[in-house]
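Participant: Following this message is one structure expressed as structure tokens.
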Amino acid sequence: MADNEFPGWHGTTIIGVRKGGEVVIAGDGQVSLGQTVIKGTARKVRRLSPGGRDVVCGFAGSTADAFTLLERLEKKLEATPGQLMRASIELAKDWRTDKYLQKLEAMLIVTDGRDLFVITGAGDVLEPEHDVTAIGSGGNFALAAARGMMDSDYDAETIARRAMAIAADICVYTNGKLTVEKIAG
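Residue numbers (the UniProt record's numbering): 1 to 185.
So this is what it looks like as structure tokens:
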């Protein structure tokens, strides 16, 4: 099978919601290869503790690539304790300019409870305008659902969980087995 014929790993939905002094990152557990669900309980949201300050990360894309990026982010955070924005920008710079890192296929949502960013391989560090961001195959569904709930009385976790349930109902590459991490600002 030629490289361009390989069906590839698909599937994930990660959402970040900031509301009421806390940030929640939630991710589904589905990993698909082509039209087959390979695993339904993958853990794509992680808590890092570099320098004693918690950072929560969610990733979409290749798992091995995402773990490479998480390791790099952890090193950047150790070098710049308490400065998530700076560490994220440094990671994005490396990702864009390093020939090895340029081949990595993943995206990250990161938060320390104050800041919330999406980091991409194009060198972007994006902060959401409406305190909600999402990535992955079902990301746009989850994002739209969460944006529609932001003016409600729901807290960040409830919004994230409900938005992920909606995405799981629509996107075939997303399931309802969630990993949810909450962090206060």
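Just so it is clear, CB atoms sit at the ideal spot from N, CA and C, and this is done for glycine as well.
For Met-150, name the three-state secondary structure that DSSP assigns.
Facilitator: coil
Participant: Does the count of Cβ pairs from the segment 144–158 and the segment 15–33 closer than 8 Å reach three?
Facilitator: yes
Participant: Can you give me the C-alpha to C-alpha distance between Val-172 and Ile-119, rounded to a whole angstrom?
Facilitator: 25 Å
Participant: Where does Ala-184 sit, in a helix, a strand or coil, going by DSSP?
Facilitator: strand
Participant: Consult DSSP for Leu-77 and reduce its assignment to one of helix, strand or coil.
Facilitator: helix
Participant: Start and end of the beta strand (DSSP E) containing Leu-108?
Facilitator: 106–111
Participant: With distance defined between alpha-carbon atoms, name the residue in Val-23, Cys-57, Gly-29 nearest to Met-164.
Facilitator: Gly-29
Participant: Does the distance from the CB of Ala-106 to the CB of Ser-62 come in under 7 Å?
Facilitator: Yes, they are a contact pair.
Participant: When every heavy atom of the ligand MN is checked, does at least one fall within less than 6 Å of the C-beta of Met-150?
Facilitator: What this structure holds is no ligand at all, so the ligand MN is not there to describe.
Participant: Answer yes or no: do Gly-58 and Ile-89 have a C-beta to C-beta separation smaller than 7 Å?
Facilitator: no
Participant: Tell me, which residues are paired with Thr-13 by DSSP?
Facilitator: Under DSSP, Thr-13 takes part in a beta bridge, and its partners are Gly-136.
Participant: Pick out whichever of Ala-184, Glu-74, Thr-174 has its Cα sitting closest to the Cα of Gln-35.
Facilitator: Thr-174
Participant: Are Ala-26 and Val-180 touching if we call contact CB-CB under 7 Å?
Facilitator: Yes. Within cutoff.
Participant: Relative to the C-alpha of Gly-123, which candidate in Lys-39, Gln-102, Gln-83, Gly-176 has its C-alpha closest?
Facilitator: Gln-102
Participant: For Ser-32, does the three-state DSSP call read helix, strand or coil?
Facilitator: strand
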